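All remarks here apply to the structure that follows.
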Amino acid sequence: MSENQGKRKYFRGGVHPHDGKALSAKNSINEAPLFDKYQVVLQQNIGAPPKAIVKKGDVVLKGQMIAESTGFVCTPVHAPTSGVVSGIVEIPGAMGQSVKAIEIASDGEDKWGSSLKPMKDWEQRDDSEIKQRIHDAGIVGMGGAAFPTHVKLSPPENKNIDYLILNGAECEPYLTADHRLMIEDPERILKGALIIANSLNINKIAIGIEKNKPDAIKILKKHSADYGISIVPLRMMYPQGAEKQLIYSVTKRKVPAGGLPMDCGCVVQNVATAAAVYDAVVKGQPLIERVTTITGNSVVNPGNWRLKLGTTALDALKLASGVKNNPAKIIMGGPMMGFAQKSLMVTITKNSSGILLLDKEDTSIYESRQCINCKGCVDVCPMNLTPSVLSKAAVKENFDIAERFNVMDCMECGCCAYVCPSRRPMVQHLRLAKGKILAKRRAQQNK
Amino acid sequence: MNVENIEKEPLVPKENQLMISSSPHVHNGNSVPRIMGLVILALAPAIGAGVYFWGMSALTVLLYCVIFCVAMEASCLSWRFAKTLLAPFVIYGTLCVLTKAIFFIGRFINMGYVSATSKEPIAFIDSLSEMSQNLFTKLFSIPEVVVIIFSLVMIALALTLEIIKDKKDRLANKECSGALIAIKDGSAILTGLLLAMNLAAGTPWWICLVGAFLAIVIGKQVFGGIGNNPFNPALVARVGLFIGFASYLSTWRPTTLMLKTSDSIYNKLFFNNDTVYNSAKTVMDFTTATPLAVAKELADKGADFSPLTTKTAYLNYFLGNMGGCIGETSALALLIGAVILIWFKLIKWEVPVYFVGTVAVVVTLANLFGNKPVTPNALFHILTGGLLLGAIFMATDMVTSPSTKLGCIVFAIGCGLLTSVIRIWGGYPEGVSFSILIMNALVPMINNFTAKKPFGYVNVKAEA
Ligand code: SF4
Ligand code: SF4
């Protein structure tokens, strides 16, 4: 490939955190029993919040739409089981704020009632029909960002998309949900990939998987031959699964700074999302459950469970037989980019890839100090920024300097904070700067 | 019993004991004390070499510098500590200054009265002046052991106070002063060691004290402590002392080995008076010149440099058997230190290589273009003076070097250029400290010029 000549083999920077995946990597996905109640968070996507279309006392069936989308960048939400709506409640959200959720008291029958019809003949269907179905099934990026999938699949006319990349890197330590899914459900993932590629009219498909999952690579390689999908083993390096880094590793294309994957002709989807797309299109099943890893050194039985949306972290933890000792932190997501929780009443949403319990010894307790300019963060930043300068600028509220040193390109991967000997809460500083700069830009636009 | 356990509700975490913080939630375990410890480890060979060559007279300087630096750092960080530690020093210092002042006033008045006729008051003032002079000399000749023990006791006392206070604050859930964390990080120890490396063996204790003050207080704490100082503290102290007490900073002792190999030509070059040299018993009895100073002298005379560049001479330079600062002489020990630093990724190899390389290139070019050599060859310049010490330990100082790799390379080349210019054409035989300090001042500018381009950067102007 002449296109790749003279380019670095790997993306620059990155770190090797202790991966902790052995805790749950060998445990196959368990089905969760039916719980008494589910609290389905209303807004589970980036973008506009959907509007609830049920009220207290309504009887709902499993898979029935309970909130409709209110704009283009928005997805509907569906009932995870059959039962009665017992109200719209405020519950703690995964990101620390309190969020609205629809509470459903389960009737124990789990009766199916989705209005989506299976499309066995999806190959003959129109692109727009497939995209509409992906929207109707409420599918969002399940890797973390929760960006509505149908939006990603509808690039503007002038963008020429020719590459679909499935993200099976799962570079976050401890998480194994995607790993298990790839081992146990390769067909769903591969067919989902075909459906997505079909709707974009492209035929180059690749699945990127980190080399620490040789079993998943082997299984997918065995199956993928029939579909013309290539499997790309990736170097073990956090953040291998970050969109721009993944695209670079697989295609050697660089997403322009400040741009989107589509600017270099790529679309990236998580493997779990691909599986969900398959369910939605072929089986007519909206996104109401996902595989989540429940793990940590203090968990009695770490493993992977298929959980319905709206399951509380408390219920989920009980599935894993509770804890041995009190953890220091409970994190939704992985240890590098996940959010620390203060309540166990937070519920599973479409992007909850894991519930991670960290002991005091595993986690980093910050006693942050002055930056000694060791340049550790500069060496590991995968976006090739100068985090030390950015963080100092943010602390001094010099947001103009932060902007000039490209803080907006930061993806908050946390590599810089991971290596900082002064234990500076870099990501916190960077988020602060990004937030302020965004606010300023918006204010300027409104003027 | 087991059955009972299984039937019980599973244990779930207690919500009130959960911690919240921003991601990431894991860390690679690196810390400032670890970095400082590793740098000290890398310094160890050079320290060992210094102690080997000068014995006790080097060891005491090292001790003074470390103790005084830690004391200064601690007193800057803790006011309680400062009060306990500084009060005796202040009283002592005031006494010294007062006696000296009386002496000068006496002299002044004395002079005034000599031209006049009356002699009565002179005798009185004269005696006063003399008395104060004697007192001053006495004050400054306190045995060194007393000073060391005094400082150690003070540090111990004050640290205990600090620890007790810190424990109390923690129990009461109050914000800790942070002084203790800052003292524990070991940066003051490192500064002290680096300062000592830049002083000659046998430097008196009070020079070390002033040096520690310059390094820690003027060089570091007034800017806001670790991480905020624009200049390398040890070099600030060295240059400050050099300006204030030049004679102490350029009196070099011969190494013990030099005394043993008395009859080589090499030694003749460094001791201009053979009889004194031959009667010297210990290193403290006699002084020597550094190879660079000799080279400068020869250059001024327009003489030939060949005695300085014999094989024996090079071997001596490489091992460190020459006059100079405690830490700068042994190239071998410094190179071992460099390997340690690079191995643990504490410095970038580019910095010393570009620094030394630039000096080598400029020296070679300078000699090439004149009709006869203006200075000894590049190898001589690399092995003598503080070049290796500066390139390996000073120019790579994290805090005072640029933020990016490219910036560091620019920085190193700048240091190399300035060093060679000062050495060849400047008034001083040695230019490493000055050049690094000058480049330190330029770091913000270098940072601006060498800002990194983010991943996927597109040049907007080029595209348009
Ligand atoms: S969080 Fe931002 S600045 Fe830090 S390493 Fe990641 S991309 Fe770079
Ligand atoms: S890793 Fe921390 S101490 Fe080192 S340069 Fe970055 S912010 Fe400063």
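Those sequence lines, one after another, are chains E and A. Mapping of the first sequence onto the numbering used here: residues 795 to 1241, in sequence order. Mapping of the second sequence onto the numbering used here: residues 1166 to 1629, in sequence order. Ideal Cβ placement from N, Cα and C applies to all residues, glycine included. Source: prediction; values computed, not measured.
- Looking at E:D904, E:L855, E:V1076, E:G1035, the one whose alpha-carbon comes closest to that of E:K911 is E:V1076.
- Shown here for A:K1617: same chain residues with a beta carbon closer than 7 Å to its own, the five before and five after excluded, namely T1569 in chain order.
- Neighbours of A:K1179 across chain E, judged by C-beta separation under 8 Å: N1120.
- Our two residues, A:L1582 and A:N1536, have alpha carbons roughly 22 Å apart in a direct line.
- Distance check between A:I1501 and each of A:V1575, A:L1208, A:K1330 places A:L1208 closest, using alpha-carbon atoms only.
- According to DSSP, residue pairing for A:S1243 in a beta bridge does not occur.
- Distance check between E:T1141 and each of E:E1083, E:E825, E:D1173 places E:E1083 closest, using alpha-carbon atoms only.
- In the structure shown, A:Q1386 adopts helical secondary structure according to DSSP, grouped into three states.
- Residue nearest to E:H973 within the set E:N1095, E:I1013, E:C1209 is E:I1013 (criterion: CA-CA distance).
- For E:G1128, the CB stays at least 7 Å from every heavy atom of ligand 1.
- Counting C-beta atoms within 10 angstroms of its own C-beta, E:K1007 has 16 or more neighbours from the protein chains shown and is therefore classed as buried.
- Residue pairing of A:W1219 in beta bridges, as defined by DSSP: absent, with no partner found.
- At a cut-off of 8 Å, the C-beta of E:T1106 has no neighbouring C-beta in chain A.
- In this model, E:T970 and E:R1218 are separated by some 29 Å (Cα to Cα).
- Of the heavy atoms belonging to ligand 1, none sits nearer than 7 Å to the Cβ of A:E1515.
- The beta carbons of A:T1540 and A:A1531 sit closer together than 8 Å.
- Fully enclosed alpha helix (DSSP H) runs of no fewer than 4 residues occupy 1065-1072 of the stretch 1057-1097 of chain E, in order along the chain.
- Residue-level contact check: E:A931 does not touch chain A, since none of the beta carbons of chain A fall below 8 Å from its beta carbon.
- Using a CB distance cut-off of 8 Å, A:Y1413 does not count as an interface residue toward chain E.
- Across the stretch 1157-1180 of chain E, CB contacts with chain A closer than 9 Å involve T1157, S1158, I1159, Y1160, E1161, R1163, Q1164, C1165, I1166, N1167, C1168, K1169, G1170, V1172, D1173, C1175, P1176, M1177, N1178, L1179, T1180, in sequence order along the chain.
- One thing to note: E:G887 has its Cβ no nearer than 8 Å to the Cβ of E:V867.
- Below 8 Å, enough C-beta pairs join the stretch 954-963 of chain E and the stretch 1052-1063 of chain E to call them touching: three or more.
- Neighbours of E:V1213 in chain A, taken as residues at a C-beta separation under 9 Å, are given in chain order as H1192, N1193, N1195.
- Under the Cβ distance rule, E:P886 does not count among the residues neighbouring chain A, no pair being separated by less than 8 Å.
- Taking 9 Å as the Cβ-Cβ cut-off, the stretch 1128-1152 of chain E approaches chain A at G1128, P1129, M1130, M1131, G1132, F1133, A1134, Q1135, K1136, S1137, L1138, M1139, L1150, L1151, L1152, given in chain order.
- From the listed residues A:D1334, A:L1324, A:E1180, the smallest Cα separation to E:A1134 is found for A:E1180.
- In terms of Cβ geometry, A:S1495 and A:A1366 do not form a close pair [threshold 8 Å].
- Of the candidates A:G1392, A:N1394, A:W1371, the residue whose Cα lies closest to the Cα of A:L1414 is A:W1371.
- The three-state secondary structure of E:A861, taken from DSSP, is strand.
- Excluding five sequence positions before and after A:L1360, the CB atoms of its chain that fall closer than 6 Å to its own CB belong to C1230, G1376, A1380, A1399, A1402, given in chain order.
- For the set A:V1527, A:G1555, A:F1470, A:L1499, the Cα lying nearest the Cα of A:P1538 is the one of A:F1470.
- DSSP lists E:V853, E:A899 as the bridge partner or partners of E:V878.
- Look at E:R802: its C-beta is not under 8 Å from any C-beta on chain A.
- Only exposed fits E:H812, as fewer than 16 other CB atoms lie within 10 angstroms of its CB.
- The C-beta separation of E:M1139 from E:L1101 comes to about 15 Å, leaving the pair out of contact by the 8 Å criterion.
- Ranked by Cα distance from A:F1558, the first of A:T1325, A:L1355, A:A1321 is A:L1355.
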